[in-house]
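Okay, structure first, notes after.
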Amino acid sequence: MAQPSVLIIEDEEGVRTALARRLKMSDCLVATATTGREGMAHLDATPTDLVLLDYRLPDADGLELLSTIGQEYPDTLTIMMTAFTNVDLAIQAIRLGAYDYVSKPFSLDEMMVVVEKALETKRLRTEVGRIRSSQQEAFGFDHVVARDPRMLEVLNLLKNVAASEARTILLQGESGTGKDLVAKVLHYNSPRAEHPFMNITCTALTDTLLESELFGHEKGAFTDAREQKQGLFELADGGTIFLDEIGDMPPNLQAKLLRFLEEKAFRRVGGTEDLVVNVRIIAATNKNLRDMVRRRLFREDLFYRLNIFPVTLPPLRERPEDIPVLANHFVAQFNAEFHKELTGIDPAAMAVMQAHDWPGNVREMRNLIERAALLSAGGRLTVDSLPAELMMPAIITGTETAEEVGSEPLIVLGPDGVDIRQVERLLVEKAMQQADGNQSRAAQLLHLSRDQLRYRLQKYGLLKAEPEEAS
1 MAQPSVLIIE DEEGVRTALA RRLKMSDCLV ATATTGREGM AHLDATPTDL
51 VLLDYRLPDA DGLELLSTIG QEYPDTLTIM MTAFTNVDLA IQAIRLGAYD
101 YVSKPFSLDE MMVVVEKALE TKRLRTEVGR IRSSQQEAFG FDHVVARDPR
151 MLEVLNLLKN VAASEARTIL LQGESGTGKD LVAKVLHYNS PRAEHPFMNI
201 TCTALTDTLL ESELFGHEKG AFTDAREQKQ GLFELADGGT IFLDEIGDMP
251 PNLQAKLLRF LEEKAFRRVG GTEDLVVNVR IIAATNKNLR DMVRRRLFRE
301 DLFYRLNIFP VTLPPLRERP EDIPVLANHF VAQFNAEFHK ELTGIDPAAM
351 AVMQAHDWPG NVREMRNLIE RAALLSAGGR LTVDSLPAEL MMPAIITGTE
401 TAEEVGSEPL IVLGPDGVDI RQVERLLVEK AMQQADGNQS RAAQLLHLSR
451 DQLRYRLQKY GLLKAEPEEA S
């Protein structure tokens, strides 16, 4: 925080002058006022960190003025000063929002201790506000990179869920699809944004430590529990808890989580008192929880409690329109982070990226672009910037890149060449996937007869039962 600003509203000249002198010695910007009206005029004109307010003023009641300052200037802290020592008055002042209450007469050293604590509180609040503001900006919906219709549909659903009162949300999707990012977007675009966001990975800790992290523990609850500890559920009160890899949560903790979801209450490890908190739980998994329920690996009742608002994030291979958008986004990001002079991605390199299946999804792409950016001397990222596994092989025949690479198919070979049989197998697999297993349609895509396709399916061990074709 910059040089702190303090306003003294005090009609006694001796007290006012002494406080102003001492505050200036502590490098504070000091303003003074002798009446409530004068003080409010200063607040209207000048942002102020702290007000030292006398209880009894010539034109105003100190408590009424305290209430007004709290309502109109919520970021300004107030310390009440009075010669009338009264417990009820002190309680009333605190209830109306006073940071502290100081009885006259007081020593300047005593007052400066209170002032310094108040200014430190103000500094911390300002810093927390700055961090929250930057997080809200960083995780705004307009910062989510998406153009593909499937992902845009997901974003519309997320906007509705974020603004709702939903207490449980289940994020599903393959590893690397951005579930952790979505969890933060949901939090920072919800009414809970001013409260904590706590995240934990269910596989990161042992069963005992995970239970203690989530629910806290009492002193002596287990070996090394030397003092009481609050868990994430308490610390996140009013906010959001993100439980990543929920499918790997141990069965005993599944039961405790279910109790919390049903009763909105829990007990610390070793505790006997029920604690009630208000948190939103966002759970995420890359596993098929329905299948795990059928195999009795995950509690059915917990699954249905979590599955109130299910959101499935599509893999990158099913979001083809997002591949060039995301790739250019990451180039711009690492260009700034690493102080590079990258100008984009070469059309041939982009074609290779669009042909890749991205088993690691967005995380894989991000890591790939980061590596390429680090090794690049500048200019465009080229095919040579890409790792060898992407070059085995890349064949683009669609129209997405026609404007950049021409209407002819683009085939990019790796430096060691390519096994033509592997190319043929990959093309057959791709055609069958695109045709949803329909052999006649796959044969048309490859410009083969149905018998020619069946021969290749048998040759490469790809022949499976075919779905019935419409007559």
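Residue numbers (the working numbering): 1 to 471.
For every residue, glycine included, the Cβ atom is placed at its ideal position computed from N, Cα and C.
Of all C-beta pairs linking the stretch 300-311 to the stretch 252-261, three or more are shorter than 8 Å, placing the two stretches in contact. The beta carbon of Ile281 is closer than 6 Å to those of Thr168 and Ile241 in its chain, skipping five residues each way along the sequence. Taking 8 Å as the cut-off, the beta carbon of Asp59 is found closer than this to the beta carbon of Arg37.
Taking a 10 Å sphere around the C-beta of Glu194, we find fewer than 16 other C-beta atoms and assign the residue as exposed. Each residue's CA atom was taken as its position, placing Ala31 and Arg132 some 30 Å apart. DSSP places Pro310 inside the beta strand (DSSP E), whose first and last residues are Pro310 to Thr312. Non-local C-beta neighbours of Arg317 in its own chain, meaning closer than 7 Å and more than five positions away in sequence, comprise Asp357 and Trp358, ordered along the chain. Scanning Arg366, Asn288, Pro310 and Ala284 for the CA closest to the CA of Ile323 turns up Arg366. Annotation: Leu462 to Glu429 spans about 8 Å, alpha carbon to alpha carbon. Its Cα nearest to that of Leu426, the residue Leu446 stands out among Ser440, Leu446, Asp27 and Gly70. Val325 places its beta carbon less than 8 Å from that of Val145. DSSP, reduced to helix, strand and coil, places Tyr455 within a helical segment of the structure shown.
The beta carbon of Phe338 sits closer than 8 Å to the beta carbons of Ala373 and Leu374 from its chain, once the five residues preceding and following it are set aside; these are given in chain order.
For Val277, the closest C-alpha among the options Leu23, Arg268, Cys202 and Ala283 is that of Arg268. In this chain, Phe139 is not harboured by any beta strand (DSSP E), its DSSP state being neither H nor E. Cβ neighbours of Thr285 within its own chain (closer than 7 Å, five residues either side excluded): Gln172, Glu245, Ile246 and Gly247. The beta carbon of Glu321 is closer than 6 Å to those of Arg147 and Asp148 in its chain, skipping five residues each way along the sequence. Beta-carbon to beta-carbon, Gly97 and Gly70 are separated by about 4 Å, close enough to satisfy the 8 Å threshold. Pairing Lys179 with Phe197 gives a Cβ-Cβ distance that is not under 8 Å.
Positions of the beta strand (DSSP E) runs, each at least 3 residues long and wholly inside the stretch 98-164, are given as 100-103 in order along the chain. For Met25, the enclosing alpha helix (DSSP H) begins and ends at Glu13 to Met25.
When the five nearest sequence neighbours on each side are left out, the beta carbons in the same chain lying within less than 7 Å of the beta carbon of Thr312 are those of Gln172 and Gly173, in order along the chain. Between the C-alpha atoms of Pro251 and Glu218 there is a straight-line separation of about 22 Å. Just measuring C-alpha positions, the residue of Tyr73, Ala18, Glu116 and Phe106 sitting nearest Gln3 is Glu116.
Excluding residues up to 5 positions away in sequence, Val269 and Gly270 lie with their Cβ nearer than 6 Å to the Cβ of Ala221 in the same chain.
By the Cβ neighbour-count rule, Pro315 is buried, with 16 or more other Cβ atoms within 10 Å of its own. For Phe242, the enclosing beta strand (DSSP E) has its first and last residue at Thr240 to Asp244. Per DSSP, reduced to three states, the secondary structure at Met81 is strand. Separation of Ala265 and Thr203 (C-alpha to C-alpha, rounded to the nearest whole angstrom) is 24 Å.
Beta-bridge annotation (DSSP): Phe303 is not paired with any residue. The residue among Leu289, Met81 and Asp75 with its C-alpha nearest the C-alpha of Ile8 is Met81. In terms of CA proximity to Leu155, Asp142 leads the group Ser164, Thr35 and Asp142.
When secondary structure is reduced to three states using DSSP, His339 falls in the coil class, being assigned neither helix nor strand.
DSSP places Ser212 in the helix class (H, G or I) of the three-state scheme.
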